[in-house]
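The structure is reproduced here in structure tokens:
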């Protein structure tokens with residue numbers, strides 16, 4: 001008998017061919033995995049290259065290049081009730097901005113804004129922000145001498161909050177809270193200013209505080225306690241504690257040494 005014409009051998013051959021094709025199909029890798037591996041390899045190579053290369057060093061940028069060649073301007077809106085004080089103290093406001101900060105300043109009568117602008121003589125780019133803060137502090141109600149500290153010192157800030165942000169009060173309750181902050185003849189406000197070394201302005205329900213970060217925090221805590229209902233006596237106790245803390249500055253407790261004397 002001829003083996004080539006056997007049907008069993010043909011079936012076996014077809015099964016072997018199908019198994020080979022299935023094995024070959026399983027071994028084929030998908031394009032997504034290969035693409036993902038290539039991306040991961042690229043990321044690793046970039047990381048190695050970034051570690052290998054040194055960090056570039058650039059020289060400091062001068063003030064002229066930092067300005068970009070164009071003059072910058074800041075505008076501070078002036079409310080109607082501050083027109084007269086601004087007119088009376090304009091020379092005190094104008095002099096430090098022009099002479100010390102080398103800026104240009106004017107009061108626009110149409111828009112009712114104080115416009116501050118840089119010029120070619122301006123050296124420090126941050127002087128524009130200082131001048132704007134100085135004018136804004138005066139517009140809020142601070143004295144010119146107190147607002148000048150924003151130009152001279154870098155660690156001073158200006159914070160504003162509303163009494164109703166601390167506690168939602170209305171009518172007579174709001175008036176009493178503002179009265180507790182001010183005190184009789186402004187005594188409580190002056191006490192908080194002297195203890196915390198800040199300046200406080202009460203404008204309706206707004207409270208403006210001028211000082212350093214830590215001092216503003218202390219003054220804000222005292223004012224919030226008054227808004228929440230504490231009396232002036234509690235603030236007086238806090239004043240004594242603050243002064244003692246500044247004077248003593250948490251001294252260390254030294255143990256007593258006992259000496260026993262023996263009779264001779």
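Numbering (the UniProt record's numbering), first residue to last: 1 to 264.
Here a beta-carbon is modelled for each residue, glycine too, at the ideal position from N, C-alpha and C.
* **Limits of the alpha helix (DSSP H) - the one that residue 142 falls within** => Residue 142 -> no alpha helix (DSSP H), and no H or E assigned at all.
* State yes or no: is the C-beta of residue 78 nearer than 6 Å to some heavy atom of the ligand ADP? => Summarising the ligand content, the structure contains no ligands, and the ligand ADP is consequently not present.
* Alpha carbon of residue 245 to alpha carbon of residue 124, nearest angstrom -> For residue 245, the predicted model reports a pLDDT of 49, less than 50, meaning its position is unreliable and no value from the coordinates is stated.
* Asked: Does the beta-carbon of residue 256 have 16 or more other beta-carbons within 10 angstroms, so that it is buried, or is it exposed?
  -> Model confidence at residue 256 stands at a pLDDT of 34, short of 50, so the residue's coordinates are unreliable; what they give is reported in the following sentence. Looking at its Cβ environment, which holds fewer than 16 other Cβ atoms inside 10 Å, residue 256 is exposed.
* Asked: Do residue 118 and residue 71 have their C-beta atoms closer together than 7 Å?
  -> For residue 118 and residue 71, yes; Cβs fall inside 7 Å.
* Could you please give the first and the last residue of the uninterrupted beta strand (DSSP E) stretch that includes residue 228? => Secondary structure note for residue 228: it is in no beta strand (DSSP E), with a DSSP letter that is neither H nor E.
* For residue 302, name the three-state secondary structure that DSSP assigns. => Because the chain spans 1 through 264 in this model, residue 302 falls outside it and cannot be assessed.
* **Cβ neighbours of residue 77 in the same chain (closer than 6 Å, five flanking residues each side left out)** => 113
* To do: Grab the span of the alpha helix (DSSP H) containing residue 187 for me, first residue to last.
  => 187-196
* Closest residue to residue 142 among 121, 188, 209 and 162 (Cα-Cα distance) -> 209
* Asked: For residue 134, is the classification buried or exposed, using 16 other Cβ atoms within 10 angstroms of its Cβ as the cut-off for buried?
  -> buried
* Integer Cβ distance of residue 144 from residue 92, believed to fall under 8 Å -> 5 Å
* **Range covered by the beta strand (DSSP E) that runs through residue 124** => Unbroken run through residue 124: none, as it is neither H nor E.
* For residue 218 and residue 195, the rounded distance between their alpha carbons -> If you draw a straight line from the Cα of residue 195 to the Cα of residue 218, it comes to about 9 Å.
* In whole angstroms, what separates the C-alpha of residue 75 from that of residue 163? -> 27 Å
* To do: Specify, as a first and last residue, the run of the beta strand (DSSP E) that residue 55 falls within.
  => Careful: residue 55 lies outside any beta strand (DSSP E) and carries neither H nor E.
* Look at residue 137 and residue 148 and say whether their C-beta atoms are less than 7 Å apart. => no
* Asked: Whose CA, out of 231, 205 and 182, lies closest to the CA of residue 170?
  -> 205
* Asked: Under a three-way DSSP split, which group does residue 292 fall into?
  -> Nothing can be reported for residue 292, as the shown portion of the chain is limited to 1 through 264.
* Beta-carbon separation (whole angstroms), residue 201 vs residue 223, contact threshold 8 Å -> The pair is not a contact, with the Cβ atoms about 12 Å apart (cut-off 8 Å).
* Asked: Sorted by chain position, which residues of the same chain lie with C-beta nearer than 7 Å to residue 182's C-beta, five sequence neighbours on each side aside?
  -> The residues are 188, 189 and 202.
* Going straight from the alpha carbon of residue 80 to that of residue 121, what length do you get? -> 33 Å
* Asked: Where does residue 110 sit, in a helix, a strand or coil, going by DSSP?
  -> coil
* Asked: If we ignore side chains and look at the alpha-carbon of each, how far apart do residue 231 and residue 177 end up?
  -> 10 Å
* Per DSSP, residue 157 forms a beta bridge with which residues? -> 211
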